[in-house]
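A.B. asks: Before I ask anything, let me first share the structure, which is written out below as structure tokens.
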Amino acid sequence: MAEAQKILPGDEDYEEEFSFDPRLEQEAERIAEALVFASAQPVSEAYIAGRLPRGVDVGSVMARLKNRYAGSGVNLVQVADHWAFRTAADLSFVVNTDEQEVRKLSRAALEVLAIIAYHQPVTRAEIEDIRGVQTSKGTLDVLMEAGWVRFRGRRRTPGRPVTFGTTRDFLDHFGLEEIRDLPGIEELKGAGLLSGRVPSNLNIPVPIGDDEFAENEDPITQMDLEELGLLTPKPEEDD
1 MAEAQKILPG
11 DEDYEEEFSF
21 DPRLEQEAER
31 IAEALVFASA
41 QPVSEAYIAG
51 RLPRGVDVGS
61 VMARLKNRYA
71 GSGVNLVQVA
81 DHWAFRTAAD
91 LSFVVNTDEQ
101 EVRKLSRAAL
111 EVLAIIAYHQ
121 PVTRAEIEDI
131 RGVQTSKGTL
141 DVLMEAGWVR
151 FRGRRRTPGR
161 PVTFGTTRDF
171 LDHFGLEEIR
181 DLPGIEELKG
191 AGLLSGRVPS
201 NLNIPVPIGD
211 DEFAENEDPI
221 TQMDLEELGL
231 LTPKPEEDD
């Protein structure tokens with residue numbers, strides 16, 4: 001009688017037979033669903049992964065949940081590396097009420113926001129160079145108070161100017177999964193946001209990712225924020 005073939009961990013047959021447990025995967029989906037549903041803010045993938053059964057791939061779990069909710073009145077959406085439930089875009093008119101505060105930006109603020117979104121990381125001087133006019137501190141303050149713009153880092157140039165970038169709240173508000181999902185020239189034309197007489201050399205840059213830094217950019221530190229007057233310096237400890 002032939003001896004039964006042993007299947008050992010690491011073998012392809014082992015992986016195929018034991019790597020997928022439907023009950024475990026279903027329980028993982030229920031946990032992930034509950035975590036996102038219970039949170040008022042987008043939940044990080046790392047937070048979800050830390051609470052799933054060991055060995056479960058959080059990316060696969062979230063992808064399946066996203067597909068399950070795709071045709072529902074509520075969609076599971078990805079915002080950078082975070083997840084949230086949002087009303088389906090075509091049903092937003094049903095839940096909008098007159099009591100909801102509508103955030104209106106001035107033309108200057110919209111221009112600055114667009115420049116930061118497409119050109120990040122970008123300094124204030126670079127914003128002014130693109131716009132051709134000075135940018136008041138109040139305009140940037142409004143965008144930062146709205147939670148759509150943040151300090152990214154500091155440029156490795158004389159004076160080490162601060163660089164600006166968009167936030168996860170910006171992506172969430174405008175329904176973007178990542179910053180590279182910003183519309184291109186053709187999409188902007190189709191939406192009527194660019195006239196038909198667009199210069200042939202017009203180039204809309206593709207911004208780098210939120211967690212990536214440019215070659216001539218350093219991440220902003222607490223010391224930088226203290227130097228800029230944005231944080232109260234920590235008291236020195238007694239020896």
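For the sequence shown, the numbering used here assigns the number 1 to the initial residue and increments by one for each residue that follows.
Each residue gets a CB set at the ideal place from its N, CA and C atoms; glycine is no exception.
Being a predicted model, the structure only gives us computed values, none of them experimental.
So, using beta-carbon positions, are ALA243 and VAL77 closer together than 8 Å?
C.D. replies: Not covered by the structure: residue 243. The range shown for the chain is 1 to 239.
A.B. asks: Nearest by alpha-carbon distance to GLU215: which of VAL112, ALA49, THR163 is it?
C.D. replies: Position 215 of the sequence shown, counted from the first residue, corresponds to residue 215. Answer by Cα proximity: THR163.
A.B. asks: Which residue comes first and which comes last in the alpha helix (DSSP H) that contains GLY138?
C.D. replies: Counting from 1 along the sequence shown, the entry for residue 138 is found at position 138. Segment 137-145, the alpha helix (DSSP H) holding GLY138.
A.B. asks: Could you tell me whether the Cβ atoms of GLU29 and HIS82 are closer together than 8 Å?
C.D. replies: Within the sequence shown, residue 29 is the residue found at index 29, counting from 1. Within the sequence shown, residue 82 is the residue found at index 82, counting from 1. No, the pair does not count as a contact, with Cβ atoms beyond the cut-off.
A.B. asks: Thinking ASN75 and ARG68 are a contact (beta carbons under 8 Å), I'd like their distance in whole angstroms, please.
C.D. replies: Taking the first residue of the sequence shown as position 1, residue 75 is located at position 75. Taking the first residue of the sequence shown as position 1, residue 68 is located at position 68. Contact flag wrong, Cβ pair sits at about 10 Å.
A.B. asks: Just tell me which of LEU182, GLY138, LEU140, PHE174 has its CA closest to the CA of ALA89.
C.D. replies: Position 89 of the sequence shown, counted from the first residue, corresponds to residue 89. Taking only the C-alpha atoms, the option nearest ALA89 is PHE174.
A.B. asks: With DSSP as the reference, label SER78 as helix, strand or coil.
C.D. replies: If you number the sequence shown from 1, residue 78 lands on position 78. Checking the sequence shown, residue 78 turns out to be Gln, not Ser. Correct three-state label for GLN78: strand.
A.B. asks: Can you name, in chain order, every residue of its own chain whose Cβ lies under 7 Å from the Cβ of ARG64, other than the five neighbours on each side?
C.D. replies: The residue labelled residue 64 in the question sits at position 64 within the sequence shown. Taken in chain order, the residues that qualify are GLU29.
A.B. asks: Tell me which residues share the same chain as MET223 and place their Cβ nearer than 7 Å to its Cβ, disregarding the 5 neighbours each side in the sequence.
C.D. replies: The residue you call residue 223 lines up with position 223 of the sequence shown. None.
A.B. asks: Using DSSP with H/G/I as helix, E/B as strand and the rest coil, what is ASP98?
C.D. replies: For the purposes of this step, residue 98 is identified with residue 98 of the sequence shown, where counting begins at 1. Note that ASP98 scores 48 on pLDDT, short of 50, meaning its location in the model is unreliable; the coordinates nonetheless yield the value given after this. Of the three classes helix, strand and coil, the one that applies to ASP98 here is coil, per DSSP.
A.B. asks: Could you tell me if ARG152 is buried or exposed, where buried requires 16 or more neighbouring beta carbons within 10 angstroms of its beta carbon?
C.D. replies: Within the sequence shown, numbered from 1, the residue matching residue 152 stands at position 152. The residue is buried, with at least 16 neighbouring Cβ atoms inside 10 Å.
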